[in-house]
Amino acid sequence: MLLFFFTSCTFTLSVHSDFFNAPQLRCFFSRLSCRIPLHLVKEKLILYDTTLKLTPFMKSFDSEKFRQQFPALQQQTVFLDSAATALKPICMIEATQHYYQNHSATVHRSQHASAQAMTARYEQARSLVAELLNAPRPENIIWTKGTSEAINLTAQGYFRPRLNADDEIIISEQEHHSNLLPWLILAEQTGAKIVKWPIGNQNRPDINTLAKLLNEKSRLVAISQMSNVTGTTVDLAQVTALAHQYDCLILVDGAQGIVHTPVDVQRLDIDFYAFSAHKLYGPNGLGVLYGKGELLDAMSPWQGGGKMLTQVSFNGFTPEAVPYRFEAGTPNVAGVVSFAATLEWLKTVDIPLAESHAVTLTDYAEQQLSILAGFISYRAANASLLAFNIQGIHHNDLATLIAEQNISLRSGQHCAQPLLDALGISGCLRASFMPYNNRQDVDKLVSAVKFALSLLEE
Numbered sequence: 001m002l003l004f005f006f007t008s009c010t011f012t013l014s015v016h017s018d019f020f021n022a023p024q025l026r027c028f029f030s031r032l033s034c035r036i037p038l039h040l041v042k043e044k045l046i047l048y049d050t051t052l053k054l055t056p057f058m059k060s061f062d063s064e065k066f067r068q069q070f071p072a073l074q075q076q077t078v079f080l081d082s083a084a085t086a087l088k089p090i091c092m093i094e095a096t097q098h099y100y101q102n103h104s105a106t107v108h109r110s111q112h113a114s115a116q117a118m119t120a121r122y123e124q125a126r127s128l129v130a131e132l133l134n135a136p137r138p139e140n141i142i143w144t145k146g147t148s149e150a151i152n153l154t155a156q157g158y159f160r161p162r163l164n165a166d167d168e169i170i171i172s173e174q175e176h177h178s179n180l181l182p183w184l185i186l187a188e189q190t191g192a193k194i195v196k197w198p199i200g201n202q203n204r205p206d207i208n209t210l211a212k213l214l215n216e217k218s219r220l221v222a223i224s225q226m227s228n229v230t231g232t233t234v235d236l237a238q239v240t241a242l243a244h245q246y247d248c249l250i251l252v253d254g255a256q257g258i259v260h261t262p263v264d265v266q267r268l269d270i271d272f273y274a275f276s277a278h279k280l281y282g283p284n285g286l287g288v289l290y291g292k293g294e295l296l297d298a299m300s301p302w303q304g305g306g307k308m309l310t311q312v313s314f315n316g317f318t319p320e321a322v323p324y325r326f327e328a329g330t331p332n333v334a335g336v337v338s339f340a341a342t343l344e345w346l347k348t349v350d351i352p353l354a355e356s357h358a359v360t361l362t363d364y365a366e367q368q369l370s371i372l373a374g375f376i377s378y379r380a381a382n383a384s385l386l387a388f389n390i391q392g393i394h395h396n397d398l399a400t401l402i403a404e405q406n407i408s409l410r411s412g413q414h415c416a417q418p419l420l421d422a423l424g425i426s427g428c429l430r431a432s433f434m435p436y437n438n439r440q441d442v443d444k445l446v447s448a449v450k451f452a453l454s455l456l457e458e
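Residue numbers for the sequence shown, in the UniProt record's numbering: 1 to 458.
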């Protein structure tokens, strides 16, 4: 992609595709805070190359070419901790460097060329996220620091003024703490009741159980698209349809799910959807909240600061339009523009084939480890997460010895203590696979586990 920046106008020539279809050529003009008709523009042209080193994968998947996009893999470490945070592709790294070297400017404020260029790129990134989720408009997308802040914003900005004592918030038992604690805090503030949606015999929230929990007092169902421990998913279309029968809203924590499964917020009729960039090959410190337009229009600002108002005096203030009223202060411009590069790069990847590669590796890892005595798997079918234990061995001891062999994975409670309590375990190991992993990574993991067990069982 090449972006041609004039002082106040931007013309973009883009090889465009949606996130799961073939590319096509598109030309469009970016909407800026300051507009000048093209025939009046006589300023110097600035060329900003956002293409960097993109490699087209189109409708095939070459795992080795994919791996080459990730400089961190040049180290000797086997990285199996992507459910905590993904490795970063070279396009994201170079976009970050390009911003700080050439366009270190904030957005929606100054009139100079770099500020205007970055404002255009910043808003283009918002459009890319809207496209990713099939949101109706870019204005449905709010930038946050991460999934946790997006959920807290929803809790405090939308639900706190509206909840009464005895209103009910239904939360599944598989939730990450980030989709539990904001609602526990809100319940303390409002007197609302937290209702647990337990996992069933298949270690997943059961839709029939939800049907029994919903009633006229239900105000929200909070559910993760995918468990960060087991990889369990739920049928979001069923959940939203059932909740909406009771005029109950739904918030989806998409932090894990967005990485592995396409999301269409309109088709699924999702009210709020939150995710973080860093798990989707993007930068740390950046998240997204999607909300339906009428819900965001009714939502109160949660934080105050620059850009979130149109006028202010000692008598009060008038908030900006959505989404800017929720983006107080200097934003994470470097994060946003580098995430734009990531999203453009992802359009060149056949996501279903890439995910199939990761699932196949996880199948192979589970099969190889299942040979070991005492192996217990908590993995959901077709998940690229493998949570496991070895009976009689503490998960932290095993993880420490594995780490000493230059293999990165995680052990503990994975910020999902209620789920682990339901599974009857104090903790577990988790190996999470991505398309940049390969069979050699699995073989090294299995060898490391065997060696660690030989030491622990002496």
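By construction, the Cβ of each residue, glycine as well, lies at the ideal position given by its N, Cα and C atoms.
Query, Result
"Closest by C-alpha distance to residue 100, when choosing among 384, 337, 374, 128", "337"
"Boundaries of the beta strand (DSSP E) in which residue 270 is found, first to last residue", "Neither: residue 270 is in no beta strand (DSSP E) and is coded neither H nor E."
"CA nearest to the CA of residue 202, picked from 432, 374, 378", "378"
"Span of the alpha helix (DSSP H), counted from its first residue to its last, around residue 316", "Here residue 316 belongs to no alpha helix (DSSP H); instead the beta strand (DSSP E) covers 316-319."
"Pair within 8 Å by beta-carbon distance, residue 320 and residue 310", "yes"
"C-alpha gap between residue 323 and residue 292, whole angstroms", "11 Å"
"Nearest-angstrom beta carbon gap, residue 60 and residue 297 [assumed within contact, 8 Å]", "Residue 297 to residue 60, Cβ: 43 Å. No contact."
"Contact set for residue 44: own chain, Cβ-Cβ below 7 Å, skip 5 residues either direction", "Here the model assigns residue 44 a pLDDT of 29, short of 50, so the residue's position is not dependable, and the following value carries that caveat. Same-chain partners within the cutoff: there are none."
"For residue 258, the first and last residue of its enclosing alpha helix (DSSP H)", "257-260"
"Distance between residue 199 and residue 170 (C-alpha atoms, nearest Å)", "13 Å"
"Alpha-carbon to alpha-carbon, residue 250 and residue 167", "15 Å"
"C-alpha distance - residue 238 paired with residue 438, whole-angstrom precision", "35 Å"
"Residue 38 to residue 353 span [Cα, whole Å]", "Because residue 38 carries a pLDDT of 29, less than 50, the predicted location of this residue cannot be relied on, and the following value inherits that uncertainty. If you take the alpha carbons of residue 38 and residue 353, they lie about 43 Å apart."
"Beta-carbon proximity list for residue 417, same chain, < 8 Å, skipping 5 on both sides", "177"
"6 Å Cβ shell around residue 256 - same chain, five flanking residues per side excluded", "226, 228"
"Cβ pair residue 191, residue 277 closer than 8 Å", "no"
"Same chain, Cβ closer than 6 Å to residue 233, five either side skipped, listed in chain order", "226"
"Residue from 409, 305, 405 with nearest C-alpha to residue 395", "409"
"Supposed close pair residue 412, residue 427 - CB separation, criterion 8 Å", "5 Å"
"Burial state of residue 305 (16 or more Cβ within 10 Å)", "exposed"
"8 Å contact criterion, which residue 118 and residue 107 should meet: CB distance rounded", "5 Å"
"Chain-order list of residues whose beta-carbon lies under 7 Å from that of residue 375 (same chain, five-residue window excluded)", "369, 388, 390"
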